[in-house]
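Participant:
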Amino acid sequence: MNTACGGNGMTSRGISRRGFGKGAVAAGIGAVLGGTAAGAPSAAAAPEWRATGTAVSALAGFDETMRAFMRERDVSAGQLAVTYQGRLVLARGYAWTDDAALDVQPTSLFRLASLSKPITGAAVARLVQEGGLDLSAPIGSLVDLEPPSGGSADPRLGDVTIRRLLHHLGGWDRASTPDPMFRNFAISDALGVPLPIGMEHVIRHTTGLPLDHDPGTAYAYSNYGYLLLGRAIEAVTGTDYPSYVQDEVLGPVGISRMRLGRSAAADAAPTEVPYRSQNTGTTVLDGSGATVPGPYGTFNLENMDSHGGWIGSAVDLVRFATIFDTPAATPVLNGTSISRVFAEPETGIGSGGSYYGFGWSVRPVASGGTGRNTWHTGGLTGTSTLLVRTYNGMSWAALFNQRDDPSGLSYGTIDPLLWEASRDVASWPSGDRFPDYFG
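Numbering (the numbering used here), first residue to last: -18 to 420.
This is how it looks when you write it as structure tokens:
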């Protein structure tokens, strides 16, 4: 089943490698770099490891981690960017492939999946900061929530506010009612409209369904809730969602590569990597019934803009993350707005005190004072992503062009692996590579 972000289940707090120790990393790297094994046919086709960007000896553990992770899962394209105290210290593109034409640079574009949600959260926080949006406003006062002809809307929709949508407290629960963002065929049939369906069809159909919870009473991760936030941004700004994000969130920190992705392979952006999956399915992009590769038409990326539709690079993501670091250093969010983004919700505090803020998972950390780790994961067929900000001034983004393979290995383990790589750094570099990638 396709899902954007898969429930955001990772707990970014630096736990130990699960069955993936330094010995395994070293063995994996040796196998990658050592060429053909003794006795193997020399003419046999084999993937080759290629890395772009500047290698940093003090941070070699990050490279080793990515190499071993990708090799074990046969991931052909990956990317990593790491910052320390607001400085970009590592930016790398990785390829593990027998395709000589696959060139993965530190600025190559990947689908971000649910790493789109922190971007939408920042856009909403910016609008609130500028007085253009009230967090207490019911979504129905901004977006037309009309049910299908002959249907009726749940009266509790009046209690679904902007703040509750941000915190996944709107009342939709994909564990009870399937995620409408992946019900293209059902919505097409129910409304009698042809494929591909549009966002307006998703909203009309879902408005005619009862909520699964009273708004504000239960946390339930909702892609649909963030779709509505994108429409609220459009309603109050009078411009389209991606334009507002570019002008008010990304542009002020110099990010110009990021954009909304497209579903079809033929519509890929320049420098966008190809996506891989062992799965296929029926296209939702037209009514042909054709079987297509999983990443290219089994879901409608165009409908996912504000919850899962962005494409970008790892260096773009860690640059974006600086918006939340020091208010004086960014023209996007002030200290009050940053506090709002990471404030506790009215309900939904999990084990260890973790909760969901405005587009970020948050875990309070007490270590020589108080702080917090904030992170998000993303997943679509052909995409696995992670963005982490740590309480002690580090951040990283890891992107892959795959999330399933015959090995059956978890892709979520990249989180603890990168934590361990960070703890193994004896001395962090003093330079800043951001100027290499942003004018």
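Here a beta-carbon is modelled for each residue, glycine too, at the ideal position from N, C-alpha and C.
Suppose you measure from the CA of S237 to the CA of S294; what does that come to, to the nearest Å?
Facilitator: 11 Å
Participant: What does the Cβ neighbour count give for R404, buried or exposed, with the cut at 16 atoms within 10 Å?
Facilitator: R404 is exposed by the Cβ-count criterion.
Participant: What beta strand (DSSP E) runs, 3 residues minimum, are completely inside the stretch 19 to 92?
Facilitator: Whole beta strand (DSSP E) segments, 3+ residues: 29 to 33, 58 to 65, 68 to 78.
Participant: Is DSSP giving Y222 helix, strand or coil here?
Facilitator: Under the three-state reduction of DSSP output, Y222 falls in the helix class.
Participant: Would you call the CB atoms of P87 and Y418 closer than 8 Å?
Facilitator: Yes, the Cβ-Cβ distance between P87 and Y418 is below 8 Å.
Participant: Enumerate, from N- to C-terminal direction, the unbroken beta strand (DSSP E) stretches of 3 or more residues contained entirely within the stretch 366 to 417.
Facilitator: Taking 3 residues as the minimum length, the beta strand (DSSP E) runs contained wholly in the stretch 366 to 417 are 375 to 381, in order along the chain.
Participant: For T261, which residues in the same chain have their Cβ closer than 8 Å to its Cβ, ignoring the five residues on either side in sequence?
Facilitator: T272, V273, P274, G275, T279
Participant: Straight-line CA distance for S408 to G34?
Facilitator: 20 Å
Participant: Per DSSP, what kind of secondary structure is S342 in: helix, strand or coil?
Facilitator: strand
Participant: Less than 8 Å separating the beta-carbons of I184 and L108?
Facilitator: no
Participant: Taking the beta strand (DSSP E) that V273 falls in, what are its first and last residues?
Facilitator: 272 to 274
Participant: Following the continuous alpha helix (DSSP H) through I292, name the residue where it begins and the one where it ends.
Facilitator: Segment 291 to 293 is the beta strand (DSSP E) holding I292; no alpha helix (DSSP H) there.
Participant: What does a CB cutoff of less than 6 Å around Q60 pick up in its chain, not counting 5 residues either side in sequence?
Facilitator: G74, A295, L380
Participant: Sort L241, Y202, G206, Y205 by Cα distance to D221 and report the nearest one.
Facilitator: L241
Participant: Measure the CB-CB distance between V265 and P177 and report whether it falls below 8 Å.
Facilitator: yes
Participant: Buried or exposed, going by whether 16 or more other CB atoms sit within 10 Å of the CB of E111?
Facilitator: exposed
Participant: Is there contact between the stretch 311 to 327 and the stretch 81 to 95, where contact requires at least three CB pairs shorter than 8 Å?
Facilitator: no
Participant: Less than 8 Å between C-beta atoms, sequence neighbours within five positions excluded: which residues of the same chain meet that for P416?
Facilitator: Result list for P416: empty, nothing under 8 Å.
Participant: Can you grab the Cα-Cα spacing for the pair G331 / L150, in whole Å?
Facilitator: 14 Å
Participant: Please name the residue, chosen from G179, Y207, A27, that lies closest to G338 on a Cα-to-Cα basis.
Facilitator: Y207
Participant: Please report the Cβ distance between V56 and W77, rounded to the nearest whole angstrom; I am assuming they are in contact, meaning their Cβ atoms lie under 8 Å.
Facilitator: Correct: roughly 6 Å between the Cβ atoms.
Participant: At a cut-off of 7 Å, would you count D306 as near the ligand MN, judging by its Cβ distance to the nearest heavy atom?
Facilitator: With respect to the ligand MN, the structure offers nothing, as it holds no ligand at all.
Participant: Taking the straight line between their C-alpha atoms, what separation do you get for I292 and S258?
Facilitator: 18 Å
Participant: At which residues does the alpha helix (DSSP H) containing T317 begin and terminate?
Facilitator: 316 to 322
Participant: Within a Cβ cutoff of 7 Å, which residues of the same chain sit near V217, ignoring the five residues on either side of it in sequence?
Facilitator: L108, G113, L114, L123.
Participant: What is the DSSP secondary structure of L298, reduced to helix, strand or coil?
Facilitator: helix
Participant: Under a three-way DSSP split, which group does Y207 fall into?
Facilitator: helix
Participant: In the DSSP assignment, find the unbroken beta strand (DSSP E) run with T263 in it and report its ends.
Facilitator: 261 to 263
Participant: Compute the Euclidean distance between the alpha carbons of T263 and G270, then round it to the nearest angstrom.
Facilitator: 6 Å
Participant: Pick from V230, P397, R137: whose alpha carbon is nearest that of I100?
Facilitator: V230
Participant: Helix, strand or coil: which one does DSSP assign to P119?
Facilitator: strand
Participant: Select from G316, G189, F43 the residue whose C-alpha is nearest the C-alpha of P136.
Facilitator: G189
Participant: Where in the stretch 125 to 197 do unbroken runs of the beta strand (DSSP E), each at least 3 residues long, occur, reported from the N-terminal end onward?
Facilitator: none
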